[in-house]
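Accompanying notes for the structure given below.
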């Protein structure tokens with residue numbers, strides 16, 4: 001199972017990488033824009049934050065396959081081993097096929113249906129990223145879509161994996177894992193929600209109070 005953070009906040013990546021067993025960091029154009037840093041400046045800093053073994057994801061901006069391929073090569077030259085995110089459009093599918101031949105690893109992104117995700121996998125994407133909460137926001141069922149996509153990949157594209165994205169709650173992420181997803185990426189607020197459970201803090205305080213009442217200190 002691979003756990004990623006969906007952010008370009010280097011300081012938060014450094015902080016949470018000490019706590020979470022993260023496999024790497026995912027970004028997109030909106031996330032990079034929010035950082036106010038050039039992508040060519042922030043990507044090396046993110047890679048340094050996650051270490052050499054961590055996997056970094058970045059997305060192309062072009063709308064046509066030729067431009068996507070050129071941008072993917074630039075990203076791969078800047079950060080060897082980077083996974084290039086390609087929107088799953090008609091041109092995106094063409095780009096994924098070309099990049100597969102070039103040996104550049106891709107993720108099919110902006111996936112809103114199981115059939116769309118399957119096409120990305122069949123085209124050669126190693127990862128496919130369904131947008132769980134965005135599907136829900138449009139009146140669909142994001143978790144069901146993930147379940148369908150997971151089953152399709154198991155049957156027809158076993159070399160690809162679902163990397164579920166777009167979460168608003170930890171429950172959504174857990175439901176994706178229960179559906180068999182091998183990878184998820186968490187925005188910072190959802191990752192923090194997983195850590196901040198009031199009942200845990202209350203239990204620890206009770207342990208401390210009982211110990212102090214019995215022994216007069218908090219030393220083991």
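In the UniProt record's numbering, the protein residues as written are 1 to 220.
Every residue gets a Cβ at the ideal spot worked out from N, C-alpha and C, and that includes glycine.
DSSP puts residue i in a beta bridge; with which residues?
{"i": "residue 184", "result": "3 and 164"}
{"i": "residue 57", "result": "26 and 83"}
{"i": "residue 107", "result": "85 and 127"}
Could you have a look at residue i and say whether DSSP puts it in helix, strand or coil?
{"i": "residue 191", "result": "helix"}
{"i": "residue 77", "result": "helix"}
{"i": "residue 140", "result": "coil"}
{"i": "residue 225", "result": "Only positions 1 to 220 of the chain appear in the structure, and residue 225 is not among them; the question remains open."}
{"i": "residue 216", "result": "coil"}
{"i": "residue 151", "result": "helix"}
{"i": "residue 199", "result": "helix"}
{"i": "residue 175", "result": "helix"}
{"i": "residue 19", "result": "coil"}
{"i": "residue 9", "result": "coil"}
{"i": "residue 236", "result": "Any question about residue 236 goes unanswered here, given that the chain covers just 1 to 220."}
{"i": "residue 115", "result": "helix"}
{"i": "residue 62", "result": "coil"}
{"i": "residue 35", "result": "helix"}
{"i": "residue 51", "result": "coil"}
{"i": "residue 221", "result": "Residue 221 lies beyond the residue range present for the chain, which begins at 1 and ends at 220; the question has no answer from this structure."}
Using CA atoms only, rank isn't needed, just tell me which of the options is closest to residue i.
{"i": "residue 159", "options": "89, 139 and 128", "result": "128"}
{"i": "residue 167", "options": "143, 152 and 149", "result": "143"}
{"i": "residue 59", "options": "149, 110 and 156", "result": "110"}
{"i": "residue 163", "options": "40, 74, 125 and 219", "result": "125"}
{"i": "residue 139", "options": "211, 8 and 112", "result": "112"}
{"i": "residue 92", "options": "13, 82, 213 and 70", "result": "70"}
{"i": "residue 16", "options": "153, 194, 211 and 80", "result": "194"}
{"i": "residue 123", "options": "107, 132, 130 and 131", "result": "107"}
{"i": "residue 253", "options": "132, 121, 171 and 169", "result": "Outside the modelled stretch of the chain, which goes from 1 to 220, sits residue 253, for which no answer is possible."}
{"i": "residue 221", "options": "44, 4 and 41", "result": "With the chain running from 1 to 220 in the structure shown, residue 221 is simply not present."}
{"i": "residue 54", "options": "181, 80, 202 and 217", "result": "80"}
{"i": "residue 131", "options": "165, 157, 137 and 141", "result": "165"}
{"i": "residue 171", "options": "133, 150, 73 and 153", "result": "133"}
{"i": "residue 151", "options": "169, 180, 135 and 136", "result": "180"}
{"i": "residue 46", "options": "82, 74, 72 and 62", "result": "82"}
{"i": "residue 136", "options": "169, 212, 105 and 157", "result": "169"}
Open item on the list: When you compare the segment 175-191 with the segment 206-214, are there three or more beta-carbon pairs, one atom per stretch, that lie closer than 8 Å?
Closed with: As far as the Cβ criterion goes, the segment 175-191 does not touch the segment 206-214, which means the pair count is below three.
- [ ] Report yes or no: do three or more beta-carbon pairs, one from the segment 109-125 and one from the segment 87-96, lie closer than 8 Å?
- [x] yes
TODO: Report yes or no: do three or more beta-carbon pairs, one from the segment 19-39 and one from the segment 65-72, lie closer than 8 Å?
DONE: The segment 19-39 vs the segment 65-72: no contact.
Open item on the list: Contact between the segment 164-183 and the segment 139-153 is defined here as three or more beta-carbon pairs at a separation below 8 Å; is this criterion met?
Closed with: yes
TODO: Answer yes if the segment 88-108 comes into contact with the segment 13-25, meaning at least three C-beta pairs across the two stretches below 8 Å, and no otherwise.
DONE: no
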